[in-house]
Each structure stands twice: as structure tokens, then as C-alpha cells.
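Each residue of the sequence shown is one higher than the last, beginning at 4 in the working numbering. Here the structure comes first, spelled out in C-alpha cells, and everything after it is commentary.
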Amino acid sequence: MVSPDPAAFEAILKRGRSALAWEVLRRDPGYRAAFAALGAVPDGVTADPAFVADWGLHFP
4 MVSPDPAAFE
14 AILKRGRSAL
24 AWEVLRRDPG
34 YRAAFAALGA
44 VPDGVTADPA
54 FVADWGLHFP
């Protein structure tokens, strides 16, 4: 078994669970493909509700 990287563990503690969740999500090939398929989104436009629901995203 590989020992966890102390620096990575410290980064998770410092940034919190939401940062870890984002890091896992952004590396997901399915998410990356779905995001690329969205194309350009103009400034001021809210996220597509279906996309948000599919990926369990929550925005403040």
C-alpha cells in the first residue's frame, strides 16, 4: 500500500471538503466531456439546470 502524501493531506485540510470534491469532479472524464460539450457560456448567464443536476453541483 502506498502511504498518503502529507502535503496533499494538508492541502485537503486547509481547503476543505468542497475543494476535494471539486478536484475529484474536474478529473472525471465524463464531467470533462460534458463540460466541453456545453461550449462557450456568455458572462452573466447562469449554469444550465440540467448540467448542474446531472453533476450534483451547488453554487452559493
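Ideal placement from N, C-alpha and C gives every residue a C-beta, glycine not left out.
Any idea what DSSP makes of residue i, helix, strand or coil?
{"i": "alanine 50", "result": "coil"}
{"i": "alanine 43", "result": "coil"}
{"i": "glycine 33", "result": "helix"}
{"i": "proline 9", "result": "helix"}
Beta-carbon within less than 6 Å of residue i's beta-carbon, same chain only, minus the 5 sequence neighbours each way: which residues are those?
{"i": "isoleucine 117", "result": "The requested residue 117 does not occur in the structure, where the chain is confined to residues 4 to 63."}
Is it true that the CB of residue j sits closer than 7 Å to the CB of residue i?
{"i": "tyrosine 34", "j": "leucine 28", "result": "yes"}
Closer than 7 Å by C-beta to residue i: which residues in its own chain qualify, once you throw out the five before and the five after it? Chain order, please.
{"i": "proline 52", "result": "none"}
Give me, in chain order, the residues of the same chain whose beta-carbon lies closer than 8 Å to that of residue i; leave out the 5 immediate sequence neighbours on both sides.
{"i": "tryptophan 25", "result": "none"}
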